[in-house]
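Undergrad: Numbering (this note's numbering), first residue to last: 1 to 938.
Virtual Cβ for every residue (Gly too), placed ideally from N, Cα, C.
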Amino acid sequence: MVKKQLTLIVFTLLAITSIAQVKISGTVYDEYLEPFYGAKISQDNNFKLSDTSGEFTISLVGQLPTSITVSSFGYKTEIIEITTHNQEINVILKENLLLEQVVISASRVPERIIESPVTIERLGLSEIRKNTSNSFYDGLANLKGINSNETSYGFKSINTRGFADFSNSRFVQLVDGMDTAAPALNFSAGNLSGVSELDIQSVEILPGASSALYGANAYNGIMILNTKNPFDFTGISTIFKTGATQQEAGGVNAFYDFSMRMAYRFSDSFAAKVNVSYFDAEEWHATDFRNREVDTNELIDGDINSTVNYDGVNTYGDELFYDLSLNNQFLPPTDQIPVGTLLRRTGYKERELIDSYKSNNLKFSGSLHYRPFKDDRLEIQLTSRLAMGDNTFQGTSRFLQRDYYIGQSKLEIKGRNFYVRGYYTRNDAGNSYDLTRSGVALNEAYSPFRTWVEDFFNTRYGQGLSIQEARAYADRNRLQPGTEAFNTALNTIKTTRITEGGSGIYDRSAYTHADGNYNFKSLLNNWADIQIGGSYRKYSPDSQGTIFNDQNEPISVEEYGIYSQIQKKFFDDRLKFTGSVRYDKSQNFEGNFSPRFAVNYALGESKTHILRASYQTGFRNPTIQEQYLLLNTGVKTNVGSTRDNLRRIFYDYGNGFEVSGDDIINNSLLTRSVYDANFGQQYVKSSYKEIQPEVVQTIETGYRGLIRLNNNNNLDLDINGFVSRHTDFVFAQDVVVPMLGEVYPNGNQALSDADAVQAQNQGALVLDNVVVLSPNANYALSQGFAQEFFLTTNANSIVHSYGIGVGLHTKLFKNFDFGLNYNYIDFNFDDNDYGSFEPNFNTPKHTVKAQFGNETLFKNFGFNVSARWQDQFRWVSPFVRGNVDARTVIDAQLNYRIPSFKSKIKVGGTNLFGKEYFAAPGTGQIGQLYYISWIINN
1 MVKKQLTLIV FTLLAITSIA QVKISGTVYD EYLEPFYGAK ISQDNNFKLS DTSGEFTISL
61 VGQLPTSITV SSFGYKTEII EITTHNQEIN VILKENLLLE QVVISASRVP ERIIESPVTI
121 ERLGLSEIRK NTSNSFYDGL ANLKGINSNE TSYGFKSINT RGFADFSNSR FVQLVDGMDT
181 AAPALNFSAG NLSGVSELDI QSVEILPGAS SALYGANAYN GIMILNTKNP FDFTGISTIF
241 KTGATQQEAG GVNAFYDFSM RMAYRFSDSF AAKVNVSYFD AEEWHATDFR NREVDTNELI
301 DGDINSTVNY DGVNTYGDEL FYDLSLNNQF LPPTDQIPVG TLLRRTGYKE RELIDSYKSN
361 NLKFSGSLHY RPFKDDRLEI QLTSRLAMGD NTFQGTSRFL QRDYYIGQSK LEIKGRNFYV
421 RGYYTRNDAG NSYDLTRSGV ALNEAYSPFR TWVEDFFNTR YGQGLSIQEA RAYADRNRLQ
481 PGTEAFNTAL NTIKTTRITE GGSGIYDRSA YTHADGNYNF KSLLNNWADI QIGGSYRKYS
541 PDSQGTIFND QNEPISVEEY GIYSQIQKKF FDDRLKFTGS VRYDKSQNFE GNFSPRFAVN
601 YALGESKTHI LRASYQTGFR NPTIQEQYLL LNTGVKTNVG STRDNLRRIF YDYGNGFEVS
661 GDDIINNSLL TRSVYDANFG QQYVKSSYKE IQPEVVQTIE TGYRGLIRLN NNNNLDLDIN
721 GFVSRHTDFV FAQDVVVPML GEVYPNGNQA LSDADAVQAQ NQGALVLDNV VVLSPNANYA
781 LSQGFAQEFF LTTNANSIVH SYGIGVGLHT KLFKNFDFGL NYNYIDFNFD DNDYGSFEPN
841 FNTPKHTVKA QFGNETLFKN FGFNVSARWQ DQFRWVSPFV RGNVDARTVI DAQLNYRIPS
901 FKSKIKVGGT NLFGKEYFAA PGTGQIGQLY YISWIINN
């Protein structure tokens with residue numbers, strides 16, 4: 001009897017087990033009926049991934065019938081009903097419609113892109129696969145409203161809505177939550193320290209102010225790059241890419257690009273990945289020899305043989321100038337030289353000051369991922385990223401970056417409703433140096449500037465020789481490029497720090513960052529998304545005086561922010577309200593509040609027509625350089641104007657002649673009002689104060705919807721418009737400080753006629769009965785005892801910008817992808833800064849972009865073509881100002897899939913059939929690039 005009972009129990013348990021653990025198998029395909037690798041097949045918290053043949057086996061829990069979910073990023077999720085253990089399962093995953101794609105950046109919560117409360121652009125795996133550019137990062141230029149400024153082969157600066165040069169500190173770039181901004185510069189160096197082509201999962205870009213959620217410097221927008229999690233994307237993937245660049249100045253040069261990603265899921269609890277990528281290429285040779293005006297750096301007419309005032313854009317050492325009219329005492333009255341005839345000496349061309357135009361970049365990243373509960377309820381990530389190489393960069397000058405390094409380390413703990421992360425970023429400038437200072441120091445090495453001026457003056461005006469002949473005589477002892485003497489002098493200069501008279505840059509700056517966020521939605525029974533978060537950052541710049549005013553005293557800057565957001569849906573989920581506010585405080589500035597309010601309303605039965613409106617604010621803390629700059633260029637001194645920096649400044653010239661940081665703010669005149677007869681006003685006292693954060697306020701409206709064209713096709717349409725008001729724009733004002741005495745000692749108080757005469761008799765400068773200069777100040781200025789500064793401060797002018805964008809995407813002829821977008825943007829301002837302020841808008845007013853392709857034109861064969869047109873625009877930067885011509889750029893690629901090798905061959909080119917163009921004055925003209933790549937297992 002007992003045996004029978006035991007036998008019955010055993011059979012019952014086996015039956016239960018067999019019911020509870022049903023194994024099923026199947027195959028997943030893409031819409032081209034190719035095996036789908038890495039698809040996630042799940043039943044509740046139990047899941048498996050399809051292998052390289054698209055096949056999977058999963059043990060189901062519970063009784064039949066049940067269901068499994070088959071999903072992958074960028075594809076529609078399929079739910080399959082399982083009724084029998086031997087059921088044949090073949091699943092086809094189709095690409096998501098653009099409007100069904102999920103984004104997180106707009107609200108810090110997952111939501112369909114169509115429901116985003118603000119304008120958002122996205123590049124997913126599908127778009128990356130179709131990309132025609134050399135890399136996914138280059139392909140961002142094809143998105144609506146996105147501008148890419150290219151200063152070199154490896155350095156591209158992404159921006160939205162204007163007001164940026166290559167030093168784009170108004171735009172934030174995050175990789176898996178880590179800010180990629182270099183510690184010393186406070187802006188991202190493009191993708192030089194970013195993400196491998198194989199590891200990128202998606203890119204989300206929010207054009208416009210985003211400070212309400214992302215804090216300081218998300219002024220123009222933010223870009224979030226999300227990488228692939230090794231729990232979801234496993235295996236070894238590689239890209240081998242090679243090709244050539246073609247440029248009139250540089251010729252035809254080969255380039256090489258390699259990437260590898262290795263990811264392994266050791267168990268349901270532990271996974272890891274490693275990425276490595278490297279490229280070696282020739283930079284676009286910079287040969288812009290147009291002339292620049294003194295102080296403004298505006299492009300003007302003239303070449304080295306036709307004018308004494310020649311300062312070539314890509315020639316260095318010709319920046320110093322001398323007013324030849326100061327020598328009129330040596331000339332007869334009939335041969336007097338007009339005031340303002342400025343002489344510059346002969347500079348060196350860029351290619352003469354660099355060892356080569358070779359550029360290379362090595363990127364490495366590795367991460368460990370641990371899930372203690374074997375699912376995404378809790379995940380701990382430890383990540384390290386580093387990048388190093390050689391490159392060129394254009395900022396206030398042209399810089400040759402040699403052996404630079406930037407590294408990041410992050411620890412993050414995240415769950416379904418929260419995350420906490422901390423990371424540390426450090427960089428090393430290596431053997432980088434400033435080309436302008438190199439040229440100036442080389443010229444001084446063979447002949448001091450004043451000696452060279454005397455030689456030129458005597459031959460040109462004393463002997464009546466031509467400009468070319470006078471230059472040749474003054475240059476007779478010039479160090480000749482390529483000679484041993486030249487190479488020795490240049491090597492000494494570039495390895496000597498700026499603070500010691502050379503051009504070498506020392507930078508080992510760092511910052512520490514921590515931030516976190518918690519969503520209370522689950523605790524509120526999904527009543528609303530209510531989030532609270534905060535961040536902290538500490539900057540530790542270290543330039544030994546070559547970039548910052550930290551030679552004698554270290555700099556440390558701390559800042560923090562806290563924010564909260566509520567997002568709630570009403571009226572059958574048709575109306576969505578989003579409200580958020582953030583408070584940020586930096587130790588050098590007053591605190592800033594950044595509110596944001598947005599509403600969406602869904603129209604139509606399927607809720608696929610969304611109207612949106614929002615009010616957003618943003619702000620930008622001045623960069624560490626703008627706060628703590630102190631750099632003598634040989635003519636003028638650039639100075640940052642935080643109180644802490646001004647406190648550090650004191651020049652003692654002896655005999656009571658001195659200038660302090662307080663004098664720069666409170667005892668200075670606008671330089672042009674003193675020396676420029678065409679200025680309009682004389683002796684205008686500077687009213688500019690210590691630098692403050694920039695602020696922008698934006699109102700935006702838009703529509704995003706899915707319009708049904710027929711039974712087989714839809715049109716994705718996105719329209720947006722905005723107006724913005726900008727205050728406290730940071731710019732540099734030219735001021736002069738007398739080394740003795742006071743400026744406007746009595747303010748603007750008018751004296752009586754008698755007192756005015758008495759003041760004049762005592763040596764003061766009096767205009768309209770107001771004492772402009774005390775006797776000592778008047779003496780100091782008249783005798784040249786004054787110091788000029790470029791004061792980094794805030795403009796009094798208020799700037800307004802506005803724009804509209806329209807984008808559409810659909811299918812033509814059943815399976816041809818077609819996309820078209822148009823963007824208009826412009827700005828205006830009323831000048832309240834005496835003509836000295838011009839915003840660095842640097843954006844074309846009109847831009848049109850188009851894309852056309854088919855991934856299955858024939859079996860395993862596809863193509864894509866993209867085209868971009870933009871009209872002429874004005875470029876404004878500290879290095880050069882001038883117009884950039886209109887251009888049309890066409891990129892194209894052909895691809896062939898080899899399923900048996902799980903690989904794809906791609907052949908393409910950029911700027912096909914187009915002429916070379918400047919991204920900005922001073923950069924190398926961009927020619928053509930041709931490439932072929934072999935992508936394996938991606």
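#1: Compare the Cα-Cα distances from Glu121 to each of Ile222, Asn134, Asn253 and report the closest residue.
#2: Thr671 and Val736 look like a contact to me (Cβ under 8 angstroms); what is the Cβ gap, rounded to whole Å?
#3: According to DSSP, what are the bridge partners of Gln762?
#4: So for Ser801, helix, strand or coil by DSSP?
#5: If you drop the 5 nearest sequence neighbours on each side, which residues of the same chain put their C-beta closer than 8 angstroms to that of Phe266?
#6: Taking the C-alpha atoms as reference points, what is the distance between Phe486 and Asn794?
#7: When the Cα atoms are used, what is the spatial distance from Phe879 to Asn291?
#8: Please report how far the alpha carbon of Gln87 lies from the alpha carbon of Ile24, in whole angstroms.
#9: Comparing alpha-carbon positions, which option in Ser59, Tyr536, Phe36 lies nearest Lys902?
#10: Contact defined as beta carbons within less than 8 angstroms: I believe Ser614 pairs with Phe597. What is the distance between those atoms, to the nearest angstrom?
#11: Alpha carbon to alpha carbon, what distance is there between Ser668 and Tyr628?
#12: Nearest by alpha-carbon distance to Ser269: which of Leu820, Ile719, His369, Gln567 is it?
#13: For Gly422, which residues of its own chain have a beta-carbon under 6 angstroms away from its beta-carbon, when the five flanking residues on both sides are left out?
#14: Just confirm the distance between the C-beta atoms of Val175 and Leu225, as a whole number of angstroms; I'd bet it's less than 8 angstroms.
#15: For Tyr930, which of helix, strand or coil comes out of DSSP?
#16: Could one say the Cβ of Ser438 lies closer than 8 angstroms to chain B's Cβ atoms, at least one of them?
#17: Comparing C-alpha positions only, which one of Glu197, Ile200, Leu740 sits nearest to Gly654?
#18: Please return the same chain residues whose Cβ sits closer than 7 angstroms to the Cβ of Leu400, not counting the five positions on each side in sequence.
#19: Pull up the distance between the alpha-carbon of Leu894 and that of Val907, whole angstroms please.
#20: Among residues of its own chain, excluding the 5 on either side of Ser939, which ones have a beta-carbon nearer than 7 angstroms to its beta-carbon?
#21: Does DSSP put Glu484 in a helix, in a strand, or in coil?
#22: Does the distance from the CB of Glu690 to the CB of Thr623 come in under 8 angstroms?
#23: Who are the near neighbours of Glu558 in its chain, counting only those whose CB is closer than 6 angstroms to its CB and skipping five residues on each side?
#24: Can you tell me whether Pro333 is helix, strand or coil according to DSSP?
#25: Can you tell me which of Ile936, Gly927, Pro338, Gly407 puts its alpha carbon nearest to the alpha carbon of Glu282?
#26: I believe Arg582 touches Ser306 by the beta-carbon criterion, under 8 angstroms. Please report the beta-carbon distance rounded to the nearest angstrom.
#27: Would you please state the rounded distance, in angstroms, between the beta carbons of Leu767 and Val743? I believe it to be under 8 angstroms.
#28: In chain order, what residues of the same chain lie with their CB nearer than 6 angstroms to the CB of Gly545, ignoring the 5 residues before and after it?
#29: From the DSSP output, in three-state form, read off Ile113 for me.
#30: Between the stretch 782 to 793 and the stretch 148 to 161, can you find at least three pairs of beta-carbon atoms closer than 8 angstroms?
#31: Given this structure, state the Cα-to-Cα distance separating Leu386 from Lys363, to the nearest angstrom.
#32: On the criterion of 16 or more Cβ atoms from any shown chain inside 10 Å, does Ser933 qualify as buried, or is it exposed?
#33: State the start and end residues of the unbroken beta strand (DSSP E) segment that holds Pro595.
#34: Here's the rule I'm using: 16 or more other beta-carbon atoms within 10 Å means buried, otherwise exposed. How should Glu590 be labelled?
#35: Sort out for me which residues DSSP pairs Gln565 with in a bridge.
#36: Give a yes or no on whether the C-beta atoms belonging to Trp869 and Val848 are separated by under 8 angstroms.
TA: In terms of the structure at hand:
#1: Ile222
#2: 5 angstroms
#3: None, per the DSSP bridge assignment.
#4: strand
#5: Ala272
#6: Cα to Cα, the separation comes out at about 42 angstroms.
#7: 12 angstroms
#8: 8 angstroms
#9: The candidate whose alpha carbon is nearest that of Lys902 is Phe36.
#10: 7 angstroms
#11: 19 angstroms
#12: His369
#13: Leu411, Ala514
#14: 5 angstroms
#15: It is a strand residue.
#16: The chain inventory of the structure shown lacks chain B, comprising one protein chain alone.
#17: Leu740
#18: Ile354, Thr392, Ser432, Tyr433, Leu435
#19: CA-CA distance, Leu894 to Val907, rounds to 5 angstroms.
#20: One cannot answer for residue 939 here, as it falls past the ends of the chain, which runs 1 to 938.
#21: Note: Glu484 maps to helix in three-state DSSP.
#22: No, they are not a contact pair.
#23: Lys538, Gln587
#24: helix
#25: Gly927
#26: Contact doesn't hold; Cβ gap of about 56 angstroms is too wide.
#27: The Cβ separation is near 12 angstroms, so there is no contact.
#28: Thr499, Gln551
#29: helix
#30: no
#31: 6 angstroms
#32: buried
#33: Element bounds for Pro595: 592 to 603.
#34: exposed
#35: Gln531, Ser580
#36: yes
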